[in-house]
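Residue numbers (our numbering): 1 to 137. Beta carbons: idealized from backbone N, C-alpha and C, even for Gly.
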């Protein structure tokens, strides 16, 4: 499992949302790098910090996406927002485990789930509102 490199195919044709997706990838890549190369103390610290950063960024990013989908009249907005809530819950659960000490670090399995969610969500779900936006112009 490697880092994620931005590809033009990830673009949803909305510069601000694309920039935010790049930031998601950057957050993921920092965690990936720390898990591979960091000391055990760095890995423990990065696990909590990165999950918290993802939770905070999710709130910011998902709000913008929702506002954009509302502005274009995207018909599947409820389903899309439910997927965002699922991601929030996933990150929250892992962060809680790290905070409680029942899971000391984000492991490769969690990292893989986050990577898969990001890529699948951008390439499948976010592309749907992008395609819709192009069709109504």
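{"query": "Cβ-based neighbour list, residue 88, same chain, cut-off 6 Å, excluding 5 preceding and 5 following", "result": "58"}
{"query": "CB contact flag (residue 51, residue 107, <8 Å)", "result": "no"}
{"query": "Candidates 15, 42, 22, 16, of which the one nearest residue 119 by Cα", "result": "22"}
{"query": "Helix, strand or coil at residue 5 [DSSP, three-state]", "result": "coil"}
{"query": "Cβ-Cβ distance between residue 115 and residue 4 below 8 Å", "result": "yes"}
{"query": "Backbone secondary structure at residue 124 - three-state DSSP", "result": "helix"}
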